[in-house]
Every structure is written in structure tokens, then in C-alpha cells.
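Shown next, in C-alpha cells, is the structure this report addresses.
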Amino acid sequence: MSPPVVVRTAGGRFSLRLERRTLAVTLLLALVLTASVLASLSLGSQATSPGVVLEALLVPLRSDIALIVHEIRLPRVVLAILVGACLGVAGLLLQGLVRNPLASPDVIGITGGASLAAVCFLALGGAALGEAWLPLAALGGALLVALVIIVLTGRGMTPARLVLIGIGIAAALGAGTTLVLVLAADTTAMQAYVWLTGSLYAAQWREVAVLAPWALVGLPLALVLARRLDVLALGDELAVGLGTALQGSRLALLLLSVALAGAAVAFAGGLSFVGLLAPHIARRLAVPGHTGLVPVTALIGALIVLHADLLGRIAFLPRDLPAGIFVAGIGAPFFVYLLYRWRS
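Numbering of the sequence shown is given in this note's numbering, commencing with residue 65 and proceeding in unit increments.
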């Protein structure tokens with residue numbers, strides 16, 4: 065096996081250790097993402113050549129489609145990348161935390177909390193306050209669910225207890241969301257349904273500006289905390305013997321996963337299965353070890369959401385379908401496959 069690549073910050077307080085295979089996969093995925101971004105910017109109701117798109121990006125004053133590229137397509141592409149990266153890494157953290165390959169933000173109720181809060185916001189006439197408040201309501205719901213989980217698990221926060229409590233909360237939140245939709249007006253129910261499906265329609269730069277700080281802080285922090293997942297995977301007794309604070313590490317990882325998933329769902333709606341698919345694909349491509357899996361998972365999550373949104377835009381023109389439909393179309397059979405393998 066080739067020696068790993070070690071990158072240290074000034075002062076040596078933090079070092080990043082990546083196997084050469086993981087580094088190669090990361091670079092390859094970055095190139096694929098770059099090509100996918102260019103393709104997504106070129107395709108739409110009126111397809112344009114990549115050269116014209118590059119001219120619009122680099123020299124906007126000389127391009128006739130600069131407004132379309134910069135104000136319509138580009139914010140949607142950037143938002144898809146941020147949402148996919150956050151959801152993918154959130155799923156990776158949860159799977160490592162509970163040591164369960166079936167874990168995802170959907171399982172412990174994070175997505176359900178954001179969805180119920182958003183639906184209640186719409187049903188109670190919150191749209192009159194402005195659509196800018198909808199993401200804040202969804203993020204508040206996700207954080208409230210995390211607080212409830214922390215209170216219910218108490219000091220005995222074990223992986224099994226966390227999953228069981230999360231499944232119960234997710235079921236209750238799903239029932240609550242359905243009840244609110246049934247009682248809401250038809251127009252509100254349709255608006256909420258599109259959001260619950262998961263859509264990046266009409267994304268704007270102000271949404272990117274609000275989500276970007278969550279991603280720019282949360283993703284590097286996940287890279288720092290990923291080492292703790294490797295230690296927790298050794299078992300509680302050995303982790304304690306190595307000097308790891310179990311409850312503190314689990315709490316930090318849980319809150320970070322909630323922040324990433326809640327922020328992503330707040331701006332893209334109920335995109336299911338991204339947090340399940342991305343970590344599994346990353347494990348098949350990269351060398352085991354959560355530090356190296358974080359960037360790979362983030363890139364795969366970004367690619368999943370970006371391509372799902374692209375399909376939603378161009379596959380059924382002139383209709384613009386929610387990206388969540390295509391993600392669920394792949395994720396649901398994959399989830400059944402994982403259940404089958406886990407059973408056997």
C-alpha cells in the first residue's frame with residue numbers, strides 16, 4: 065500500500081491524513097463535479113454551448129445570456145452543490161455515530177422536524193411574512209427535534225437508544241405533517257407538497273448566501289471531528305481507554321449532523337435518501353477512515369443533488385419537476401437492497 069498524504073496546518077495543531085487512493089478519488093470527483101456544473105449551466109429550456117456559458121461567466125458584459133446564467137442557473141447549481149454536500153456529510157456522521165448503515169437524517173427525525181415546522185408555517189399563514197422566513201422555520205424545527213432527542217436520551221446516549229427514539233419521533237412528526245396538510249387550504253397544501261418533495265426551483269443568491277456559512281463552517285468541522293468516529297467505531301470500552309469523552313463526542317457529532325441536515329432541508333425541502341446514498345457510495349470508492357470519507361461523501365452528495373435537479377429541469381420540458389422525485393426513485397430501491405443485505 066502506498067504511503068498516505070499528510071497535510072498539516074501552521075503550528076501543527078491539526079493534520080489531515082489521506083490515503084493516496086482517497087486523494088485520487090477526491091480529485092476525480094472534483095473534476096466530474098466541475099464538468100457537471102458546466103453541463104448544468106448549459107442545459108435548460110434553451111440549451112447553449114459550454115463555450116458560450118464560459119464566456120458568460122468570465123466576460124459577462126460581452127454575453128447575451130449573462131443574466132440567465134448568473135441570476136437563474138448559477139444560484140440553483142451552487143445551492144444544489146451546498147445542499148447535497150451538507151446532506152451527504154450529515155448522513156455519514158449519523159451512520160458513524162450510531163454504527164448503523166441504515167441511519168440518515170430521515171431516521172432520527174431531523175428531516176421530519178424541519179418538514180413539520182415548514183408545513184405549519186405555511187398553514188398558519190406564514191407566507192404572508194415572506195418566503196425568506198420559511199427556511200428559518202424549517203431549521204428551527206430540526207433544531208427543536210435535536211433538543212428533544214438529547215433530552216430523551218439523557219446521559220445514556222447510546223447508538224441503539226438514539227435510533228429507537230429517533231424512529232419514534234420521526235413517525236410522530238410524519239403523522240403531524242399529514243394532519244396539517246389535510247386540514248390546510250388546497251393552495252397551501254400544494255405549496256407545502258412541492259417543498260416536501262424537495263425542490264430547488266427558483267433558487268436565488270440570497271438563499272445561497274444564507275446556506276453558505278453553514279456549509280463553510282460545518283463541513284470543515286466535520287473533517288476535524290471525523291477522527292472521533294474512527295475511535296467510537298472501536299467500541300465504548302476501548303474508546304474510553306483511549307481517552308475519548310463518549311457523551312461529549314456523541315453530542316458534538318449529533319449537533320453537527322443536525323445543523324448540516326437542518327440547514328440543507330430548510331432551503332431545498334425534504335430531499336430524502338441523499339444522506340443514505342452518498343456515504344455508502346463513498347465507502348466503496350475510498351479507503352476506510354472517516355477523515356478521508358468526509359470530502360468524498362460531500363462531493364458525491366453534491367453530484368447526486370445536482371444531477372437530480374438537472375433531470376428535473378430538462379427531462380420533462382416544459383415542466384420543472386422537483387429533484388426529490390429522482391433522488392427517491394434511486395434511494396428507495398437502494399434502501400430496500402440494504403435492508404435485504406442487513407437481514408441476511
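Beta carbons are placed, not taken as given, at the ideal position from N, Cα and C, and that holds for glycine.
Below 8 Å on the Cβ atoms is my guess for Val338 versus Gly365; work out the distance and round it to an integer in Å. On the sequence shown, position 274 is the one that residue 338 refers to. On the sequence shown, position 301 is the one that residue 365 refers to. Their Cβ separation, rounded to whole angstroms, is 5 Å, which keeps Val338 and Gly365 in contact under 8 Å.
Within this structure, are the beta carbons of Leu237 and Ser168 separated by less than 9 Å? As a working note, residue 237 is residue 173 in the sequence shown. As a working note, residue 168 is residue 104 in the sequence shown. No, these two residues do not count as a Cβ contact at 9 Å.
Tell me which residue opens and which closes the alpha helix (DSSP H) that Ile364 is part of. Along the sequence shown, one-based indexing puts residue 364 at 300. For Ile364, the enclosing alpha helix (DSSP H) starts and ends at His354 to Ile378.
Euclidean distance between Cα positions of Met65 and Pro397: Sequence index remark: in the sequence shown, residue 65 carries index 1 (1-based). Sequence index remark: in the sequence shown, residue 397 carries index 333 (1-based). Here Met65 scores only 49 on pLDDT, less than 50, and its place in the model should not be relied on; the value that follows carries that caveat. Their Cα atoms are separated by approximately 35 Å.
Is the beta carbon of Ser104 less than 9 Å from the beta carbon of Val147? In the sequence shown, counting from the first residue as 1, residue 104 sits at position 40. In the sequence shown, counting from the first residue as 1, residue 147 sits at position 83. Not in contact: Ser104 and Val147 (Cβ atoms no closer than 9 Å).
Could you pull the start and end residues of the alpha helix (DSSP H) that Ser179 belongs to? Counted from its first residue, the sequence shown places residue 179 at position 115. Segment Ile174 to Ala187, the alpha helix (DSSP H) holding Ser179.
Tell whether a beta-carbon distance below 9 Å holds between Ala387 and Ala323. Looking up residue 387 in the sequence shown gives position 323. Looking up residue 323 in the sequence shown gives position 259. Not closer than 9 Å, so no.
Could you tell me the alpha carbon to alpha carbon distance between Ile393 and Leu243, rounded to whole angstroms? Locating residue 393 in the sequence shown gives position 329, where the first residue counts as 1. Locating residue 243 in the sequence shown gives position 179, where the first residue counts as 1. It is worth fixing the name first, because residue 393 is Gly in this sequence and not Ile. Near 25 Å, if we compare the C-alpha coordinates of Leu243 and Gly393.
Collapsed DSSP secondary structure at Thr242 in the structure displayed: Walking along the sequence shown from the start, residue 242 turns up at place 178. Helix, per DSSP.
Contacting residues, own chain, Cβ-Cβ under 7 Å from Leu381 (five flanking each side not counted): Stepping through the sequence shown from its first residue, residue 381 is reached at position 317. Excluding sequence neighbours, Leu381 sits near Ser109.
Using a 10 Å radius around the Cβ and a threshold of 16 neighbouring Cβ atoms, would you call Pro343 buried or exposed? Here the question's residue 343 lines up with position 279 in the sequence shown. Here Pro343 is buried, its C-beta having at least 16 other C-beta atoms within 10 Å.
Just to confirm, are Ala346 and Val369 a CB contact at a threshold of 9 Å? Residue 346 sits at position 282 when you count from the first residue of the sequence shown. Residue 369 sits at position 305 when you count from the first residue of the sequence shown. Against a cut-off of 9 Å, the Cβ pair of Val369 and Ala346 comes out as no contact.
Cβ shell of Val89 (< 7 Å), same chain only, five flanking positions each side left out: In the sequence shown, residue 89 corresponds to position 25, counting from 1. Only Leu349, Ala350 and Val360 meet the Cβ criterion.
Taking contact to mean at least 3 C-beta pairs separated by less than 8 Å, is the stretch 173-188 in contact with the stretch 199-218? Cβ pair count under 8 Å is three or more, so yes.
Within 9 Å, strictly: CB atoms of Ala267 and Ala144: In the sequence shown, residue 267 corresponds to position 203, counting from 1. In the sequence shown, residue 144 corresponds to position 80, counting from 1. Yes.
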